Each structure stands twice: as structure tokens, then as C-alpha cells.
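There are 2 protein chains.
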Amino acid sequence: MTWVTGAEGSAYGVRNLPYGVFRWGGDDPRVGVRIGDHVLDLAGAEAAGLVLAAGALGRPSLNAFLALGRPQWTAVRQRVTELLTDEVHRVAVEPLLVPLAEAELLLPFEVADYVDFYSSEHHAGNVGQIFRPGQPPLLPNWKHLPVGYHGRAGTVVVSGTPIVRPTGQRATPQGPVCGPSVRLDIEAEVGFVVGVPTTLGDRVAAADFADHVFGVVLVNDWSARDIQAWEYQPLGPFLGKSFATSVSAWVTPLDALADAFVPAPDQDPPVAEYLRDVPHAGLDLRLAVEWNGERVSEPPFATMYWTPAQQLAHLTVNGASLRTGDLYASGTVSGPERGQVGSFLELTWGGAEPVKVGGETRTFLEDGDTVTLTATAPGPDGTTVALGEVTGTIRPAR
Amino acid sequence: MTWVTGAEGSAYGVRNLPYGVFRWGGDDPRVGVRIGDHVLDLAGAEAAGLVLAAGALGRPSLNAFLALGRPQWTAVRQRVTELLTDEVHRVAVEPLLVPLAEAELLLPFEVADYVDFYSSEHHAGNVGQIFRPGQPPLLPNWKHLPVGYHGRAGTVVVSGTPIVRPTGQRATPQGPVCGPSVRLDIEAEVGFVVGVPTTLGDRVAAADFADHVFGVVLVNDWSARDIQAWEYQPLGPFLGKSFATSVSAWVTPLDALADAFVPAPDQDPPVAEYLRDVPHAGLDLRLAVEWNGERVSEPPFATMYWTPAQQLAHLTVNGASLRTGDLYASGTVSGPERGQVGSFLELTWGGAEPVKVGGETRTFLEDGDTVTLTATAPGPDGTTVALGEVTGTIRPAR
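Respectively, the protein sequence lines represent chains A and B. Here the first sequence is numbered in our numbering, starting from 1 and rising by one per residue. Here the second sequence is numbered in our numbering, starting from 1001 and rising by one per residue.
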């Protein structure tokens, strides 16, 4: 039970407490925790001796805090929970609460490397049917390893950043042309934020997932399907993705999702030993996609074929090192139903089946369109934990 | 004419002056310039007021210096040239020369994003013939845009770093197996180091190449062909590359390569407007590949189909921003002859035609093998400019 006005019963209550970086008034950017409709200034709390975190909270990114590791992550969370629930701290802590509406939310961490997986069987199957009709929807490797690739870390932006429509080459029957993308799409994903690094040559066992991963963000991996389709052979997506990837301003700690772990789908054929994770657990995150304010899809993360622990084990099986701030995303989250897909490519079946959004017809994104991704997860005692939203509005090509 | 003993006539003479980061004695890592068999301590020179560079030279990476931009890059180079050629400076400067053999050379810059292109027509053609016999060797997009993808920035390592053989999945007739790579290869490439960043949504014109790119490194993009072949559909190379990418310890400024720019090969069909660069110039860099001390190939960079200016224009045409420390590599450099290829995949034609190296038979890399890439370029007045070498030795899988 928190003493913060309006926070009790909120999906941003004391069971949640996501971390972000914010600016308020004339102060330097600093780490904060969201509670209800407020941000607790953790830099101020650390400076006042209310929280101990090795000076990591007065920084303009979460990276120093992320590097501390799980025992410290848990200790800080416990202490913040105490501060926000025990009335004895109210006098000291209340002045450190900033109204959320007045805070400018910044990119919460410096992204080291960004990897994007492709781990929804339904999404991969849909894409296969749309692009390779009549052939097996999944490629031969898909059930043996979590397919993934590196994206552009430097263009990961915080929720709310306008998205300029990208320009690039696309194929036409008359040959390639260059111009603004005409098939601009979203990908609703969940991203995992690495805190504790490793040494080059080492691997991370799936069982050690929670020792390295601090928490999760929502991700919109904006995708220009026409640019992607022309460029991607044989080395994969490049400019069709690299113009922008939006992440939520709030990083939800794994500790807040303890009640959201659920058995992941069975895997057949059996996976290689390094990919066996016990418990084989996914996360019951319930995503929602809003297109110009209208909810068009509800992707269920629990249906993902590959788990985040398997993705981490795969990412490092070759000895690739992790750095603090590494971000790896799940790939588009799509469930088995049309109302559960995480991309408009799937929602409109390659553009062949337009949808009505707010009274207008849509296949792909028009200039001025806004897409907002949200998600909730089950918390303890019947509570709900909300992930930070990720939103973006399309600006015309320059 | 330099007063530094032994440097006159060297390929590391005053026409070269590449930048790196080194550690010597008990001093902190700092920026230095190579001259002959010495390193000029530029942090010391700046501290003594001999060079002005906004405090950028006392850092453990080149990034602050890279961010200064071309006017400052040129001014510092001119000043360093004065210091090393005018006898009047000898008394002050000579104590700042560290014997190269005593210096520990570090990764010269913090890599922001790492992009790898695929811009040799001969290499792409060879790979096409090896992997898709009987089909057109180049895919339809290849002559319309410089195909590229993002690699792992966090595993870019400096020359001399041991390379642990990666483990991963590969396909066999009995199904996929997981184990140490059995087709470990190299890719001899040239990398371009970005200094001046851009804003998200902006493009860089090909003509502005030298405003953003500071200089070049040699790159060995180690590649596990068996891992790559199994994983790469449909999203491109991932673990087959991400275990390590080696770069030279020395970054050669574009200013040192002014005499190496040569007309690039004609491009047919004509390229999109944003890819037209005038002058359409490549670089006459003459690479050499040494396998266990034996020179097995001499890849000519001047044969590359796409130029570095075109690569930069393509990388940003979609509005993707640049950061200081971005590295983009050319892709494997292969000329038209078997003795000019930049990978062992090509040298041994997919492993079908083993070669003799130092009396032993080789297809791919064995544990203990060492590969060293070197390169030279024409300098002014008949001189030669050497690029920093990049070397690595294979360690057994862990």
C-alpha cells in the first residue's frame, strides 16, 4: 500500500516501479522511478542518503545502474518500495515526487548493440505465406535456432520521437525507383535490456538469464516493407529498419514481472543443449496496438516460440560478448488470430485486405498517423503491471 | 624530411602519420601518432602546448578527436608534421617519442555502429558461383545499391587480439549439429571511420564524404562459413560473424591518402541520383593477405564496384543518423584473379581446392593459424603509405 496519492490500484503502483531517465525544471537529466502519475527523483533520493546505489542514479542514463547487477537491482527496488509505502518516509520523499506530466522523459539507456530476433511462429508463418505463397511458411532453420540479426543502435529513440518517413529504393515492374516509402509499417515487440556484461569468448547459459538481463521495454521496430523487400537479399534487413526503432521511456524490472512468467509453447523438434532452458518460461505480456487511437490488435507475448533466455543463450553461444546497454528484441509478436498480429503487413495481409481505422481506410501508415503500443502483465495478488507505452507519429519524408 | 631517426623513407614517414591509442609505462592510455618505429605521445604534446586539440588527445580513445571535424583534423596534422620535420622542435618533441616496440596498442576508437557492405563485384560473383551454381552470380539488387548490413560493434577488437574459434549450429546431412566451427574464414576489408555525426532524419550527400569520414582502418571480418550458411536465411549473417571483427591499431587519415584516390570502375546500369558521386573515386589500396607468414593473396581495393562515398550516402538515405565512432567496412576485397581474393572461401573455392601454406595443406583456418592483413597506398612524390596491419591467431574453441 503506497502513500502516494492516486497510485494505489494503478497499474503503475508499488508492484511495478519501472525505471527511466527524466528532466524536470532546470535540473540535469537523472534516473527516476514511476509511481502512479509521478516520477520519484532517484538522484535526489540518493543525494539525500535515502537510497544507496554507488552514485549510479544521478546519471543521464540507466547504464551505471544497469551495470551494478542483480543483488543491487533488488536491493534498490526493495528500498524504493519501503520509501513509497512506509509513512515514516513520506516527509522526506514527497518533495522528490515530480508530476509525470511535467517531466520530460528521455531515452532511458545508452544502447550498446541492438539485436532483433524473429521468434513468433505465427508472425514468421504469416510473413512466409505472404511473401512465399505455396512454399513451407517456415524456413528449415527456424525451429532449430532463434533467427536474429543486428540492427542500428544509434537510431533507437525514446517513445514520442517523431518518425520521419524514410526514403529509399524499392522495386517496381519498371525497375527500381527511389522515393519515400509507400509501405511503412510497425512491428510490436518486447525488448530485453542487458545490465551485466561478459568477456569475449564466454557464453551465457539460459539459466543465467536473470543475472544479465535487468528488465524489459516495449519496442516498435518501424519497418519500410518496400525498401526491405528490395534490399534484403542476401544479407538481411538494413535501411528498411535502420531509420528508427522506438522504445518505451520506462524499463520494467524483471522483479516486477515475477508473476508473469508462464510455460512457453512446447518445442518440437527438440532444441540443441545450449538452448534448453529450465523452466522453459515465456512471459504473459498482453500487448495492444492502437492506430490513431483505435485498438486494432492484441498480440499475446506468451505465444512466442523462443524464450528470452533462449535468445540470450543463442546470442552468446559463439562467444560474442555482452555490454551493459545491449538491447535484444523479441521480433514481432503475433498470436494465431488476425486480431493478434503485431504488424500491419499481417493485419492487412500484405496490403491486400485494407482495414478501417477511425473511419478511414488504411493498408500501411499515412503521414500524420500515430501508433501506440501498450502492454500489461499479471502482478501479485490480482494486480496488474503496465509496461511503459511506446508511441510515435509519422512525419512526411524530407 | 623528418628528423626522427629511421623514419625517412619508411612507409610510416611524415606523409603517413596514422593515429592510434597506446599505453606505455605506467601512463594512462592516450592518443598517439606513428612515425617510423616510434609513437609520438600526442597527449604529452598537447599538455606541453605543442599541439592544440581542445583536450581531445589525452583520452583513451580517438572519439573526442574524431568529433572535432575536418578543419581541426587537418590543422592538427599540419602541426604534427611541423613538429616532426622542423629541427627547431626536436628538443621539445624527442622526449615524447615512445619506441613502438614498447607501446601497447589499444582499440583506437569506441565503435558506435558497425556496418559491413558487400561491394566487390568479384567477391559477390565468386560467392554466388560457389553457393548458387548455375544461377546468375549477382542478385538483382546488387548493381542498384551497395548491399550491406549491421554487425556487432561490441566485438570489434584491435589487431593482435586472439580469436577464439566460435561454436554454433551448422547443417549436416543428418540435421543440424552444434560444435566448434569447421569452416573458419577471413574477410579482408577496408573500414571507414566516421568522425562528424548527423541528426536523425538527415542524409549525407556522397560529395560530403570527407566532411564526415576521418580515415581508414584495415578490417578482418572473421567468418564462420558453416554457422553463417545455416543461420542466414532470411535475416542475414549473425553469429557467423559476431564473435569477432579485428581492426588495425592505426587509423590512417584521409589526408594521408590524397594521392591514392583513383577513378572507380564504371557503373552500369546507371545508379540512383543519391548514389552519384563526382568524382566517382575509389582508393588505390593494395592489400596483402599473409597466412602463417606466407603471402597468399593481394586484393586490389581499386577494383571495388561501390565507392566509400556511395556507401555513406546509401547508409544515410533513409535518414539514419551517424555517430562519432561509426565504422563501415567495404566488404571482402577481391580482384578478378584467384591470387587477388579476400577470403579463403574463394581461395580454396568453397574448400574444394585446398592450398599449400608453409608446407601444410589448408582449406579453412586451423587452430594456431595466424592471418595478417597489410596494405599500402601511393603517397606523394613516389612515396608509399602503409596502412596499419591487422593480425590475429586462432585459439581453440572453449
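Every residue, glycine too, gets a C-beta built ideally from N, C-alpha and C. Small disclaimer: the values here were computed from a predicted structure and weren't measured.
DSSP assignment within the stretch 293–334 of chain A yields the following whole alpha helix (DSSP H) runs of 4 residues or more, N-terminal first: 308–316. Secondary structure in the stretch 193–233 of chain A: the beta strand (DSSP E) runs of 3 residues or longer, each lying completely within the stretch, are 213–220 in chain order.
Around the beta-carbon of Pro-234/A, 16 or more other beta-carbon atoms lie within 10 Å, marking it buried. With distances taken between CA atoms, Asp-221/A lies nearest to Gly-151/A out of Thr-81/A, Ala-320/A, Gly-151/A. Contact annotation, Val-371/A with Val-247/A: C-beta distance approximately 14 Å; criterion of less than 8 Å not satisfied.
DSSP, reduced to helix, strand and coil, places Gly-1382/B within a helical segment of the structure shown.
The three-state reading of DSSP puts Ile-1130/B in helix, counting H, G and I together. A distance of 9 Å or more separates the beta carbons of Leu-287/A and His-212/A.
Chain order gives the chain A residues near Gly-1151/B as His-150, where near means a beta carbon separation below 7 Å. The beta strand (DSSP E) runs of length 3 or more contained entirely in the stretch 1114–1160 of chain B are, from start to end of the chain, 1114–1117, 1148–1151, 1156–1158. Asp-185/A is the residue among Arg-79/A, Glu-294/A, Asp-185/A, Gly-55/A whose C-alpha sits nearest the C-alpha of Thr-348/A. Secondary structure of Asp-41/A (DSSP, three-state): strand. Note that the C-beta distance between Ala-313/A and Ala-206/A is below 9 Å.
In this structure, Val-21/A lies near Leu-62/A, with their beta-carbon atoms less than 9 Å apart. From the listed residues Gly-335/A, Val-296/A, Val-33/A, the smallest Cα separation to Lys-356/A is found for Val-296/A. Counting of Cβ neighbours within 10 angstroms places Arg-362/A among the buried residues, the total reaching 16 or more. Approximately 19 Å separates the beta-carbon atoms of His-1280/B and Gln-169/A; this is outside 8 Å, ruling out the contact. Here Thr-1199/B has Ser-1321 as same chain residues with Cβ atoms under 8 Å from its own Cβ, once five neighbours each way along the sequence are excluded. Among the residues of chain B, those whose CB is under 7 Å from the CB of Gln-233/A are Leu-1139, Asn-1141, following chain order. For Pro-166/A, the nearest CB of chain B lies under 9 Å from its own CB, placing it at the interface with that chain.
Under the three-state reduction of DSSP, Tyr-19/A is assigned to strand.
A direct Cα-Cα distance of roughly 45 Å separates Ala-229/A from Gln-72/A. Looking at the DSSP output, Leu-105/A bridges to Phe-22/A. Taking C-beta atoms as the reference points, Phe-117/A and Gly-148/A count as a pair closer than 9 Å.
Ranked by how close their Cα comes to the Cα of Leu-1387/B, the residues Tyr-1019/B, Gly-1009/B, Val-1004/B have Tyr-1019/B in first place. In the DSSP assignment, Gly-1032/B falls within the beta strand (DSSP E) that extends over 1030–1035.
Within chain B, not a single residue places a beta-carbon under 7 Å from that of Pro-29/A; the smallest gap is close to 18 Å. Put simply, the CB of Gln-1169/B is near chain A, with a gap under 9 Å to one of its CB atoms. Here the C-alpha atom of Gly-1009/B lies approximately 49 Å from the C-alpha atom of Cys-178/A.
Excluding the 5 residues flanking it on each side, Ala-258/A has same chain C-beta neighbours closer than 8 Å at Pro-380, in chain order. Between the C-alpha atoms of Val-190/A and Ile-1227/B there is a straight-line separation of about 26 Å. The C-beta separation of Val-1333/B from Ala-1188/B comes to about 5 Å, placing the pair in contact by the 8 Å criterion.
Separation of Pro-180/A and Glu-346/A (C-alpha to C-alpha, rounded to the nearest whole angstrom) is 21 Å.
In this structure, Val-158/A and Ala-45/A do not form a Cβ contact; the two beta carbons are roughly 23 Å apart against a cut-off of 8 Å. If you check the CB distance, Thr-74/A and Gly-36/A do not come in under 9 Å. Burial check for Val-98/A: the Cβ neighbour count within 10 Å reaches 16 or more, so the residue is buried.
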